[in-house]
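Asker: Every number in the working numbering is 4 more than the matching position in the sequence shown, counting from 1. Don't be surprised by glycine CBs; every beta carbon is placed ideally from N, CA and C. The structure displayed is predicted, hence computed values, not measured ones.
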Amino acid sequence: MERTPLRTTLCCLLTALFLISSSLAQKSPVPPPAPIPPQIAAAQKIFISNGGGESFETVFDQVVFDGGPDRPYNQFYAAMKSWGQRQLVSSPSDADLIFEISWVLSDTGLGRLPVLGQLRLVIVDPRTHVRLWTVTEYVRGAMLLGNRDKNFDQAMNTIMNRVRTLMLPPADR
Numbered sequence: 005m006e007r008t009p010l011r012t013t014l015c016c017l018l019t020a021l022f023l024i025s026s027s028l029a030q031k032s033p034v035p036p037p038a039p040i041p042p043q044i045a046a047a048q049k050i051f052i053s054n055g056g057g058e059s060f061e062t063v064f065d066q067v068v069f070d071g072g073p074d075r076p077y078n079q080f081y082a083a084m085k086s087w088g089q090r091q092l093v094s095s096p097s098d099a100d101l102i103f104e105i106s107w108v109l110s111d112t113g114l115g116r117l118p119v120l121g122q123l124r125l126v127i128v129d130p131r132t133h134v135r136l137w138t139v140t141e142y143v144r145g146a147m148l149l150g151n152r153d154k155n156f157d158q159a160m161n162t163i164m165n166r167v168r169t170l171m172l173p174p175a176d177r
């Protein structure tokens, strides 16, 4: 009598293990990358817009980052200018694309690490006002201001690397 429930349990356990292993082995294939809107690679004139966001001057009586609330805009503008691959224009009507950079403070605040907030770059077609692409990079929190500044710089570098990749001709990606 005792052998039957044990065999049933063992049989069920082996069946479950088989189903789990076979489902893991049958992962669906990763689809090929979807196309990037051709306007992004073709753009030569870029207008950079300050999308603003939440002020990060102080949280809990601490400076969140050096550089004030316009740091995302100023740093992104400087990075695009030093890259030198596109002409930066002063009016959206002269641009092939609008790059809107903004900062969103995490709702967890400084008290909860690891994410302090995010940098968000939205690429907009100025003629249709359609959002073509969004790049979001999270900024890790840190206890010390210098480390938060480094984490911000790393996130901005990641945004710039993604922009460079997006703007490559399709054959070079």
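Restricting to Cα atoms, I'd like to know which of 55, 47, 105 and 106 is closest to residue 91.
Answerer: Here the closest residue by C-alpha is 47.
Asker: In this structure, does DSSP put residue 143 in helix, strand or coil?
Answerer: If DSSP states are grouped into helix, strand and coil, residue 143 belongs with the strands.
Asker: When you compare only the Cα positions, how much space is there between residue 114 and residue 120?
Answerer: Because the pLDDT at residue 114 is just 47, under 50, the model does not fix this residue reliably, and the value given afterwards should be weighed accordingly. About 6 Å.
Asker: Measuring CB to CB, does residue 128 end up less than 8 Å from residue 57?
Answerer: In this structure, residue 57 does not lie closer than 8 Å to residue 128 by Cβ.
Asker: Could you check the C-alpha separation between residue 134 and residue 144 for me, to the nearest Å?
Answerer: Each residue's alpha carbon lies about 30 Å from the other.
Asker: DSSP three-state label for residue 97, please.
Answerer: Helix.
Asker: Return yes when the Cβ of residue 123 is within less than 8 Å of the Cβ of residue 164, no when it is not.
Answerer: For residue 164 and residue 123, no; Cβs fall outside 8 Å.
Asker: Leaving aside the five residues before and after residue 83 along the sequence, list all residues of the same chain whose C-beta is less than 6 Å from its C-beta, in chain order.
Answerer: Hits under 6 Å: 164.
Asker: Would you kindly check if the distance between the Cβ of residue 41 and the Cβ of residue 136 is under 8 Å?
Answerer: Result yes, Cβ atoms of residue 136 and residue 41 sit closer than 8 Å.
Asker: So, with DSSP's three-state summary, where would you put residue 154?
Answerer: Reduced to three states, the DSSP call for residue 154 is helix.
Asker: Let me know if residue 76 comes out buried or exposed under the rule of 16 or more other beta-carbons within 10 Å of its beta-carbon.
Answerer: It counts as buried.
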